Amino acid sequence: MGRVDGGDQRRPGVYAHHYFGHADGAWLILYAWLRLEVGLPPCVAYEEAVARATSARRTIDVSDLLPSEPTA
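Our numbering numbers the first residue of the sequence shown as 1 and each following residue consecutively.
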């Protein structure tokens, strides 16, 4: 859960302060992504975010949650 490549250039989207050298916000972005993009209910998204972030250092693998085919 570290810095985002190209994060120094402003683009549309939601960024956590953690992406820019601060230690807050990355977990909340993970939770929001699980709710909004994956469509998990609040309690499930919370538990999933906790499980994936526990002991994480720089990155969290969410590839198993990505759609198998691109959506338009």
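We put the beta carbon where it would ideally sit given N, CA and C, even for glycine.
What you are looking at is a predicted structure, and each value in this text was computed from that prediction instead of being measured.
Span separating the alpha-carbon of residue i from that of residue j
i: Trp27; j: Ala53; result: 7 angstroms
i: Ala51; j: Leu34; result: 12 angstroms
i: Pro42; j: Gln9; result: 31 angstroms
i: Leu40; j: Pro12; result: 23 angstroms
i: Val73; j: Glu37; result: This structure leaves residue 73 out entirely; the chain is present only between 1 and 72.
i: Glu69; j: Ile60; result: 21 angstroms
i: Leu30; j: Arg57; result: 14 angstroms
i: Asp64; j: Gly25; result: 22 angstroms
Three-state secondary structure assigned by DSSP to residue i
i: Ser68; result: coil
i: Ile29; result: helix
i: Leu40; result: coil
Burial state of residue i (16 or more Cβ within 10 Å)
i: Leu66; result: exposed
Neighbour flag for residue i against chain D, beta carbons, 7 angstroms
i: Glu37; result: No chain D is part of this structure, which consists of one protein chain only.
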